[in-house]
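Residue numbers (the working numbering): 1 to 291.
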């Protein structure tokens, strides 16, 4: 479970559900070779943990993409994750990003937006929703989004270091007040005592016991098996070759004449695909031989 996990839980006597997300190697692999400033990495890590949390709710094959766009020093955070919890992501920012409040970093007051896109094979086009970046932290931005989209009170706490990214999620279900009128208020207040270091520790059971031990004993906590999260950004030469074939031979040869080679940059996976004149000639010769 070293790459990462999502572990859900349910207070049976309170009708409150939640999850703990912990990303270790998956988060470290996402940063490799990027050289992100610390402020950028922290926001990207927290968003990665939340993305895995939301993708863990997918009930069918699909791909969830979250984009935070703004006009601050951090222009873009983009994460995507499929139903198997295969995660990837990137940030785009100024070269130097000093510590600052999250709304300032993201340019939240300057037209910043959160875009959620859900691509399902069964749908003709992706489902998309846009909301303003409302909140003074990544956790607050997504807490607001989840409350709006799911119409249930929610609490979200997130933290990230260079080694680990994590979050704790709670949601009040429709029958909660009938079970215990003070249950949601009590659990929310207990959760708010969580410290970043506790979130970043890898043991979900220890975290929940520290925060909620009395309610766990009195109200019953169902702790589900952890689901693994992995960083997934494999090379896809076939897709890139198809892109070049779609350009057509004249356009490809024009690019070669101008640049000496064709270079296609895959930003989200931090990878370049390079094609020499010999590569391009062989690519089109192979295509022509099939027709």
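Yeah, the Cβ is synthetic: ideal placement off N, Cα and C, and Gly gets one too.
Do residue j and residue i have their beta-carbon atoms positioned less than 8 Å apart in this structure?
i, j, result
"residue 215", "residue 9", "no"
"residue 85", "residue 249", "no"
"residue 45", "residue 24", "no"
"residue 159", "residue 221", "no"
"residue 207", "residue 20", "yes"
"residue 27", "residue 194", "no"
"residue 171", "residue 151", "no"
"residue 155", "residue 188", "yes"
"residue 190", "residue 205", "no"
"residue 173", "residue 17", "yes"
"residue 273", "residue 280", "no"
"residue 80", "residue 89", "yes"
What does the Cβ neighbour count give for residue i, buried or exposed, with the cut at 16 atoms within 10 Å?
i, result
"residue 235", "exposed"
"residue 1", "Confidence in residue 1 is poor, its pLDDT being 44 and thus under 50, which makes the residue's placement unreliable; the coordinate value appears in the next sentence. The residue in question, residue 1, is exposed, as its Cβ has fewer than 16 Cβ neighbours within 10 Å."
"residue 130", "exposed"
"residue 47", "buried"
"residue 30", "buried"
"residue 237", "exposed"
"residue 128", "exposed"
"residue 324", "The structure shown does not extend to residue 324, since the chain is modelled only from 1 to 291, so the question has no answer here."
"residue 32", "exposed"
"residue 93", "buried"
"residue 303", "There is no way to answer for residue 303, as the model of the chain reaches only from 1 to 291."
"residue 292", "Outside the shown range of the chain (1 to 291) lies residue 292, about which nothing can therefore be said."
"residue 243", "exposed"
"residue 213", "exposed"
"residue 38", "exposed"
"residue 176", "buried"
DSSP state of residue i, grouped into three classes?
i, result
"residue 36", "coil"
"residue 219", "helix"
"residue 196", "helix"
"residue 1", "Residue placement at residue 1 cannot be trusted, given a pLDDT of 44 that sits under 50; the coordinates are not used to answer."
"residue 239", "helix"
"residue 176", "helix"
"residue 161", "coil"
"residue 28", "helix"
"residue 120", "coil"
"residue 154", "strand"
"residue 66", "strand"
"residue 285", "helix"
"residue 213", "helix"
"residue 203", "coil"
"residue 58", "coil"
"residue 232", "coil"
"residue 125", "coil"
"residue 149", "helix"
Checking the sheet assignment: what are the DSSP bridge partners for residue i?
i, result
"residue 131", "114"
"residue 295", "There is simply no residue 295 to check, as the chain begins at 1 and stops at 291 in what is shown."
"residue 166", "22 and 159"
"residue 6", "21 and 227"
"residue 190", "For residue 190, which the question treats as bridged, DSSP gives no partner whatsoever."
4-residue-minimum alpha helix (DSSP H) runs that sit fully inside the stretch 69-113, ordered along the chain: 102-106
Secondary structure, alpha helix (DSSP H): runs of 4+ residues fully inside the stretch 247-280: 249-259
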